[in-house]
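Q:
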Amino acid sequence: MGEDGEDTSTTELDSHANMVVVGKHSTVISRTGKHADVHAFSDDCNHLPKIPIVDAALAYDCPYTGKTFILVVKNALFIESMERNLIPPFIMREAGLIVNEVPRIHCENDLDNESHCIMCREVGLKIPLRLRGIFSYFPTRALNQDEIDAEEEYDMVYLTPDTSTWNPYAE
652 MGEDGEDTST
662 TELDSHANMV
672 VVGKHSTVIS
682 RTGKHADVHA
692 FSDDCNHLPK
702 IPIVDAALAY
712 DCPYTGKTFI
722 LVVKNALFIE
732 SMERNLIPPF
742 IMREAGLIVN
752 EVPRIHCEND
762 LDNESHCIMC
772 REVGLKIPLR
782 LRGIFSYFPT
792 RALNQDEIDA
802 EEEYDMVYLT
812 PDTSTWNPYA
822 E
């Protein structure tokens, strides 16, 4: 639970992943019917077989404007037991977002209003990133029923390319 008692989670930037992973604090929009076997960084670790690939949405409550944005991810691995979502900065850039992932503590003289954040200029969204240890993240949550019922009233931002497939090995 978040500080305000809501079912709040986080979405972490993961530069070593090649796909988005969403968990229990996301809203599955549709199931693609596809699955993937997920392997860890080492053959010594167990793999996760037949993980469903879904399209999902996350709610982001902007601290600057008070607006809620619906963040859409396509072709994400769905691991329902996960508390956090993971997203590669590369895939967000492929979707046309500006990703400034250098932590503010490392910006020195280059520190400005666009440091350590994700931006979508088309809708005026700026997501400030926070640090948990060395991991950059931002707070997200599953959509509530009002947001699901009135989704057209919210600005939607695709965190991934709006395509029906994603091949991380395509050139």
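Basically my numbering = 1-based index in the sequence shown + 651. Heads up, the beta-carbon is just placed ideally off N, CA and C, and yes, glycines get one too. All values reported here derive from a predicted model rather than from experimental measurement.
1) Leaving out five residues on either side along the sequence, give the residues of the same chain with a beta carbon under 7 Å from the beta carbon of arginine 682.
2) Pick from Arg792, Tyr805, Glu765: whose alpha carbon is nearest that of valine 673?
3) Ends of the beta strand (DSSP E) at phenylalanine 729?
4) Which complete beta strand (DSSP E) runs does the stretch 771-816 hold, if anything under 3 residues is left out?
5) If we ignore side chains and look at the alpha-carbon of each, how far apart do isoleucine 778 and valine 750 end up?
6) Under a Cβ-count criterion, where at least 16 other Cβ atoms within 10 Å of its own Cβ denotes burial, should alanine 691 be classed as buried or exposed?
7) What separation, rounded to the nearest whole angstrom, lies between the Cα atoms of alanine 708 and isoleucine 738?
8) For the stretch 655-702, which segments carrying the beta strand (DSSP E) assignment without a break, of at least 3 residues, lie completely within its bounds, in sequence order?
9) Within 10 Å of its beta-carbon, does lysine 685 have 16 or more other beta-carbons around it, so buried, or fewer, so exposed?
10) Mind checking who asparagine 751 pairs with in its DSSP beta bridge?
A: Let's see:
1) Here the set comprises Pro703, Val705.
2) Arg792
3) 719-729
4) 776-779, 781-783, 786-792, 806-809
5) 10 Å
6) exposed
7) 13 Å
8) 659-664, 678-689
9) exposed
10) Answer is Cys768, bridged to asparagine 751.
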